[in-house]
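K.L.:
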Amino acid sequence: MFKKLLLAAAALACGAAQAANPLFAPLYTADPAVLVDGGRVYLFTGRDEAPPGGKDYVMHEWRVFSSCDMATWQDHGVPLAAKAFAWAKGRAWASDVVKRHGKYWFYATVEHATVPGFAVGVAVSDSPTGPFVDARGSALVTNDMTRQTDIAWDDIDPAVFVDDDGQAYLYWGNTVLKVARLKADMTTLDGPITAVPVPHFVEAAYLHKRGATYYLSYSQHWPEETAYMTGPSPLGPWTPQGVVMARNLKTKTIHQAFFDFNGKSYVAYHNAELPGGGEHRRSVAVEEFAYRADGGIPFIHQTQAGPAANPAPGCRR
Ligand code: FUB
């Protein structure tokens with residue numbers, strides 16, 4: 000008993016918290032992105048700082064948490080803030096993080112200070128927990144580089160996928176999904192930006208691969224629900240596979256990230272179920288699921304319990 004109390008006290012002292020959806024209270028978090036590295040899972044989020052009843056997103060920074068077992072999370076604080084991009088006005092919207100060439104690359108949505116509209120920046124670090132620094136000194140994508148819609152927020156929600164042959168792809172967009180190859184330096188587009196026709200697409204594109212199948216998941220309709228398509232390559236052709244998570248009750252967005260960790264499959268997403276939550280006060284949650292025998296993703300229900308503990312051998316707490 001005494002040993003258990005000591006362990007609980009040690010966990011509290013290092014900022015650990017037992018998982019129960021939503022995660023990371025008392026912080027309001029949104030837009031999860033996941034990186035599994037060195038046998039540990041890193042979960043990156045935006046942070047919602049809007050006051051109760053706030054009418055817009057108030058987001059200045061991203062946060063990163065890690066876990067060895069999907070049940071206990073360590074808070075690593077702020078790896079990157081919007082102000083790290085000197086060319087940006089602010090607004091730390093959705094992000095994605097990948098590892099390449101032994102470094103960690105953080106693709107982030109921010110509002111541009113001089114090119115009207117949102118933009119995608121890229122930052123780099125030697126550690127998944129940062130600190131990350133601007134890798135270019137300028138935006139990777141600006142609103143004037145895409146012409147498919149007139150809205151100012153159509154160049155948001157970057158997702159990066161590095162294929163087994165080393166080719167990296169950047170997916171992003173609101174209303175229209177866009178994709179471009181990245182050069183090996185991870186900071187330059189390589190070739191044209193292509194629009195991907197996706198019925199009812201809104202935002203939050205995310206690419207993952209399982210076996211030989213590429214899964215492109217995204218938010219569709221408004222309020223959003225999570226849907227996905229599959230294809231034989233990172234560029235499709237894509238076959239729609241349907242809805243896998245239903246819309247939220249307390250916020251219109253949902254923003255998913257699929258990943259595998261220690262032999263099990265998970266999806267991270269956000270709802271607004273923390274006390275005091277709301278449209279712009281969201282909270283990240285995680286569910287475990289199992290792929291169907293045909294490789295499909297089943298319909299996934301949100302739970303309060305979250306995933307069962309899945310301790311990864313050799314992962315240091
Ligand atoms: O968090 C701000 C925006 O809301 C994100 O960029 C979208 O994916 C939606 O979740």
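Going by numbering that gives the first Met the number 0, the residue at position 217 of the sequence shown is 216; the numbering climbs one at a time, nothing skipped.
Glycine included, each C-beta is placed from N, C-alpha and C at the ideal position.
Treat the numbers as computed from the prediction; the structure is a model and nothing was measured.
For the structure I just gave you, are there three or more beta carbon pairs, one from the segment 272–287 and one from the segment 52–70, closer than 8 Å?
P.N.:
Touching, per the Cβ criterion.
K.L.:
What is the rounded straight-line gap between the Cα of G276 and the Cα of Y56?
P.N.:
The straight-line gap from Cα to Cα measures roughly 13 Å.
K.L.:
Between the segment 182–192 and the segment 149–158, can you find at least three pairs of beta-carbon atoms closer than 8 Å?
P.N.:
The segment 149–158, when compared against the segment 182–192, does not touch it at the 8 Å Cβ threshold.
K.L.:
I'd like the list of long-range same chain contacts for V40, defined as Cβ closer than 6 Å, with 5 residues on each side in sequence excluded.
P.N.:
The answer, listed in chain order, is S66, F260.
K.L.:
Within the same chain, show all residues whose beta-carbon is closer than 7 Å to that of K98, passing over the 5 residues directly before and after it, in chain order.
P.N.:
Once the five neighbours on either side are set aside, the close Cβ partners of K98 are L34, D36.
K.L.:
In the DSSP assignment, what residue or residues form a beta bridge with Q240?
P.N.:
For Q240, which the question treats as bridged, DSSP gives no partner whatsoever.
K.L.:
Look at the Cβ atom of E60, then the Cβ atom of K88, and state whether they are nearer than 8 Å.
P.N.:
Their beta carbons are not under 8 Å apart, which means E60 does not touch K88 by this criterion.
K.L.:
Roughly how many whole angstroms lie between the Cα atoms of L11 and A308?
P.N.:
Residue confidence for L11 is low, a pLDDT of 38 falling below 50, so the modelled location carries little weight and cannot support an answer.
K.L.:
Helix or strand or just coil, what does DSSP make of N261?
P.N.:
Correct three-state label for N261: coil.
K.L.:
Is it buried or exposed, V132, if we count other Cβ atoms within 10 angstroms and call 16 or more buried?
P.N.:
Exposed, by the Cβ-count rule.
K.L.:
Could you tell me the distance, in whole angstroms, from the CA atom of E318 to the CA atom of I253?
P.N.:
Absent from the structure is residue 318, since the part of the chain shown begins at 0 and ends at 316.
K.L.:
Name the residue from R281, A24, D74, M144 whose alpha carbon lies nearest to the alpha carbon of A179.
P.N.:
Looking at the Cα atoms, M144 is the closest of the given residues.
K.L.:
Does the beta-carbon of G45, which I'm using as the reference point, lie nearer than 7 Å to any heavy atom of the ligand FUB?
P.N.:
The answer is yes for G45.
K.L.:
List, from N- to C-terminal side, the beta strand (DSSP E) runs of 3 residues or more that fit wholly inside the segment 19–93.
P.N.:
Listed in chain order, the complete beta strand (DSSP E) runs (minimum 3 residues) inside the segment 19–93 are 28–36, 39–46, 60–66, 71–74, 87–89.
K.L.:
Can you give, in chain order, each stretch of the beta strand (DSSP E) that sits fully within the segment 81–157 and has at least 3 residues?
P.N.:
Runs found: 87–89, 94–99, 102–111, 117–124.
K.L.:
For W171, which beta-bridge partners are listed by DSSP?
P.N.:
DSSP lists K177 as partners of W171.
K.L.:
Need the endpoints of the beta strand (DSSP E) that S232 sits in, please.
P.N.:
S232 -> no beta strand (DSSP E), and no H or E assigned at all.
K.L.:
Just to confirm my understanding: we take G116, look at its own chain, exclude 5 residues before and 5 after, and list those with CB closer than 6 Å. What are they?
P.N.:
Counting only Cβ-Cβ distances below 6 Å, and skipping sequence neighbours, we find N142, A151.
K.L.:
Quick one, which of G129, G210, G165, W221 has its alpha-carbon nearest D293's?
P.N.:
Closest option to D293, Cα to Cα, is G210.
K.L.:
Buried or exposed: F1, going by 16 or more other Cβ atoms within 10 Å of its Cβ?
P.N.:
Residue placement at F1 is poorly supported in this model, since its pLDDT is 37, which falls under 50; the coordinates are not used for a value here.
K.L.:
How about E202: is its Cβ closer than 7 Å to a heavy atom in the ligand FUB?
P.N.:
Yes; taking the cut-off as 7 Å, the Cβ of E202 has a heavy atom of the ligand FUB nearer than that.
K.L.:
From G53, P233, M228, pick the residue whose C-alpha is nearest to that of L169; which is it?
P.N.:
Checking every option, the nearest Cα to that of L169 belongs to P233.
K.L.:
With DSSP as the reference, identify every bridge partner of A194, one or two as the case may be.
P.N.:
Partner(s): K177.
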